[in-house]
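Respectively, the protein sequence lines represent chains B and X.
For the first sequence, this note's numbering assigns the number 328 to the initial residue and increments by one for each residue that follows.
For the second sequence, this note's numbering assigns the number 2 to the initial residue and increments by one for each residue that follows.
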Amino acid sequence: MTTTTAVDSRWAAVRAGLSRGWIETRLNLTETAYVIGHAIPPVAYVAMLLFMRGITRGKTLPGTHFTYVTMVLPSLLGMTIVYGGLSGPAPSITADREEGTLLRAKATPNGMVGYLVGKIVMFALTTLVSLAAIVVPGIMIVDNLILDVRTWLLLALLFVVGMVSTVPIGVALGSVMKSSLQAVLVPLTCTLIMCASGIFFPITLLPTWLQSLAQAFPFYWVGLGARAAMLPAEMVAVEIGQSWRTVEMFAVLGVWSAIGFLLAPRLLRRMARRQSGSALAKVRQRYTSKGY
Amino acid sequence: MYRSNDTAVVDVRDLRMRYGTKDVLAGVTFSAQRGEVLALLGPNGAGKTTAIEILEGFRVRSAGHVSVLGIDPARGDETWRARIGVVLQSWRDHKFWRVRELLAYQARFYAPFATPEVARPWNVDELLDVVGLSKSAHAKIMTLSGGQRRRLDVAIGIVGRPEIVFFDEPTAGLDPHGRRHFHDLIHQLSDFENTTILMTTHDLDEADKIADRILVLDEGRIVADGSADQLARTLTTTAEVHWTSGGQRHVHAVREGDPSVFVRDLLLNNPHVTELEVRRASLEDTYMALVRRVESGQLPGGGRPDEAAAKDRQVQA
Numbered sequence: 328m329t330t331t332t333a334v335d336s337r338w339a340a341v342r343a344g345l346s347r348g349w350i351e352t353r354l355n356l357t358e359t360a361y362v363i364g365h366a367i368p369p370v371a372y373v374a375m376l377l378f379m380r381g382i383t384r385g386k387t388l389p390g391t392h393f394t395y396v397t398m399v400l401p402s403l404l405g406m407t408i409v410y411g412g413l414s415g416p417a418p419s420i421t422a423d424r425e426e427g428t429l430l431r432a433k434a435t436p437n438g439m440v441g442y443l444v445g446k447i448v449m450f451a452l453t454t455l456v457s458l459a460a461i462v463v464p465g466i467m468i469v470d471n472l473i474l475d476v477r478t479w480l481l482l483a484l485l486f487v488v489g490m491v492s493t494v495p496i497g498v499a500l501g502s503v504m505k506s507s508l509q510a511v512l513v514p515l516t517c518t519l520i521m522c523a524s525g526i527f528f529p530i531t532l533l534p535t536w537l538q539s540l541a542q543a544f545p546f547y548w549v550g551l552g553a554r555a556a557m558l559p560a561e562m563v564a565v566e567i568g569q570s571w572r573t574v575e576m577f578a579v580l581g582v583w584s585a586i587g588f589l590l591a592p593r594l595l596r597r598m599a600r601r602q603s604g605s606a607l608a609k610v611r612q613r614y615t616s617k618g619y
Numbered sequence: 002m003y004r005s006n007d008t009a010v011v012d013v014r015d016l017r018m019r020y021g022t023k024d025v026l027a028g029v030t031f032s033a034q035r036g037e038v039l040a041l042l043g044p045n046g047a048g049k050t051t052a053i054e055i056l057e058g059f060r061v062r063s064a065g066h067v068s069v070l071g072i073d074p075a076r077g078d079e080t081w082r083a084r085i086g087v088v089l090q091s092w093r094d095h096k097f098w099r100v101r102e103l104l105a106y107q108a109r110f111y112a113p114f115a116t117p118e119v120a121r122p123w124n125v126d127e128l129l130d131v132v133g134l135s136k137s138a139h140a141k142i143m144t145l146s147g148g149q150r151r152r153l154d155v156a157i158g159i160v161g162r163p164e165i166v167f168f169d170e171p172t173a174g175l176d177p178h179g180r181r182h183f184h185d186l187i188h189q190l191s192d193f194e195n196t197t198i199l200m201t202t203h204d205l206d207e208a209d210k211i212a213d214r215i216l217v218l219d220e221g222r223i224v225a226d227g228s229a230d231q232l233a234r235t236l237t238t239t240a241e242v243h244w245t246s247g248g249q250r251h252v253h254a255v256r257e258g259d260p261s262v263f264v265r266d267l268l269l270n271n272p273h274v275t276e277l278e279v280r281r282a283s284l285e286d287t288y289m290a291l292v293r294r295v296e297s298g299q300l301p302g303g304g305r306p307d308e309a310a311a312k313d314r315q316v317q318a
């Protein structure tokens, strides 16, 4: 293979992957089965914001003049970014493996490149749509948010950093899960971690050991970043150390990115190596005999 | 059986595959020439799928020499991958995609691998026409019938204009019409495109219809290699002699030697013989005879030290 062909063919695969990502995004936003899955969280969050605004009217966060709901909206945005990147790919990759999509990619020259690019584009775009579905009604429900150019730039940066630090980990998790049934554990675990990550109430209300645990995961940090972008300075009072800890945030997310980029390609390659027609036939056999 | 040849598209020598203590392939040797249609025939568990997956580069062999288009599949790069076609049996992947959409997506990967000799990929609409899916071009893949899905699988497998195509049990689950269409497609590929085709099947009739050469695999060894006709002639001498005498129909099976000897004796000794017929064993008889002989240890592949395993196999059958 001449080097030119190698480079050309990889670029062709990247372009094919972009078109794949676009097709998959379109399917995710038009096929009923997918649309329901994507619509439930934003609808639930907006309903929750309305409900919280109702029951916390007149009550303020300790040490501030602002309500709970003000703090919850940016936290939800941060959570949506991490949830999309971390828990989305795992079930999606195991399903693709069991349905034969990955084997097709493997049988195609540079097919895995196209597959991965497609996945990343799809998760980025669908997560953006979810964010828009929360933020647009959200800013109409919640008062006292800061919405200037700085806010949107920071949120955009946070989106990119959030995706880069979580999608590779999500891909790695999807590669080690043995079946789609196992892959359901990923979103379940994410939900547990999220509860302790200062999304729905300030993390400082939790016992110290739980605070330390939550700070090991990106949910807390991306949520913190979103609060830093959208909330008045005074609200830093309820955060750990009364600081937005921006440097620490980038450091922790950087570590997650590094781990992800180190693990994901290796685990994905290892998993792809095991794919073959007979491996797929075994899965099919399992489905026909056991039904899952 | 084996003929060393530098122009061979597939060259396999003493291929071995072992899982734990079980030898799935115990020294397989064969080659395929350009444009040849080869059928790997054998009962379930004979090692056909393992062999083809090693050639596809999806499985790493335990020992032996393997080359496909002059390259070891275990070290095949993307350029090699672009020159081979693997027809997968789709199940439910890409179910919401449209037929043409998926084929066009797959085609994009092959464009950089076009050479002055081989224009890659196929024109998508032309290929849809060839496999008979033009009318379903904009249908969602999940709405296709089993036969249509298989035709899409074939189209995806050959969209890069491969020099060799691998099919694993291509017509399993197809109705007679779908089977017929598939056979025509294979002929078209090998005749007009000069594509080498290697397929596995346990259907004798199919191997007989489309293959130039049949390799019979059993217990991880090749027990026969030749055209259907050659196999029928060389591997079994069994023939059935049918005749009517005294208003009754008689049958005699000649298991060894030329049936002419028996017929000559019969005609000399019985002047009332009418409606005389000599039927050669069909390929199916040959195949069954082969598998039986392998099991009873008369052929090299049947050198089974383990009596219990042989019994176990009979129970399974």
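Beta carbons: idealized from backbone N, C-alpha and C, even for Gly.
These figures come from a predicted structure and were not determined experimentally.
- Where B:A555 is concerned, there is no enclosing beta strand (DSSP E), although the alpha helix (DSSP H) around it starts and stops at P545 to M557.
- Under the criterion of beta carbons closer than 8 Å, X:R17 and X:A64 qualify as touching, at roughly 4 Å.
- Chain-ordered, the chain X residues with CB closer than 7 Å to the CB of B:G438 read F110.
- Counting along the chain, B:G465 sits inside the alpha helix (DSSP H) bounded by residues G438 to I468.
- Where X:K23 is concerned, the enclosing beta strand (DSSP E) starts and stops at K23 to A33.
- The three-state reading of DSSP puts X:D78 in coil, since its state is none of H, G, I, E or B.
- Annotation: the stretch 121–174 of chain X contains the following complete segments of the beta strand (DSSP E) (minimum length 3 residues), in chain order: 165–169.
- For B:F588, same chain residues with a beta-carbon under 7 Å away, outside a window of 5 residues either side, are P495 in chain order.
- For the 7 Å CB-CB criterion, X:D94 and B:T428 form a contact.
- Contact between B:T454 and B:G385 fails: their C-beta atoms lie close to 35 Å from each other, not under 8 Å.
- Across the set B:G441, B:L532 and B:R593, the C-alpha of B:L532 shows the shortest separation from the C-alpha of B:I567.
- Between B:M490 and B:A543, the gap from beta carbon to beta carbon reaches 7 Å or more.
- Beta bridge pairing from DSSP links X:Y20 with X:K23.
- Taken through DSSP and simplified to helix, strand or coil, B:R601 comes out as coil.
- For X:D286, the three-state secondary structure derived from DSSP is helix.
- Only residues of its own chain outside the window of five on either side were considered, and among them V88 and M200 have a CB closer than 6 Å to the CB of X:F168, listed in chain order.
- DSSP places X:G86 within a strand segment (E or B) once states are collapsed to three.
- Straight through space, the alpha carbons of X:S32 and B:T493 are spaced by roughly 49 Å.
- Any Cβ of chain X closer than 7 Å to the Cβ of B:S336 would place that residue at the interface, and such an atom is present.
- Cβ neighbours of B:A460 within its own chain (closer than 6 Å, five residues either side excluded): P369.
- For B:S507, the nearest beta carbon of chain X is not closer than 7 Å to its own beta carbon.
- If you look at X:A208, you'll find it in the alpha helix (DSSP H) that goes L205 to I211.
- What X:R93 touches in chain B, judged by beta-carbon distance under 7 Å, is E426, going in chain order.
- Boundaries of the alpha helix (DSSP H) around X:D192: P177 to F193.
- Checking the DSSP bridge columns, you'll see X:R14 partnered with X:H66.
- Burial is judged here by how many other beta carbons sit within 10 angstroms of a residue's own beta carbon; B:K446 has at least 16 and is buried.
- Not a single C-beta of chain X is nearer than 7 Å to the C-beta of B:E575.
- In this model, B:Q538 and B:T421 are separated by some 32 Å (Cα to Cα).
- Put simply, the backbone Cα of B:T573 is about 46 Å away from that of X:A105.
- In the DSSP assignment, B:R477 falls within the alpha helix (DSSP H) that extends over V476 to V503.
- Contiguous beta strand (DSSP E) elements confined to the stretch 365–425 of chain B do not occur, taking only those with 3 or more residues.
- Per the coordinates, the alpha-carbon of B:R596 lies some 32 Å from the alpha-carbon of B:L404.
- Within the same chain, A417 and V513 come within 6 Å of B:L500 by CB-CB distance, once the 5 residues on both sides are set aside.
- With a cutoff of 7 Å on beta-carbon distance, B:A591 and X:P113 are scored as not near each other.
- Nearest CB-CB separation between X:R82 and chain B: below the 7 Å threshold.
- Taking B:A608 as reference, the option from X:V274, X:T197, X:A173 and X:D226 with the minimal CA-CA separation is X:A173.
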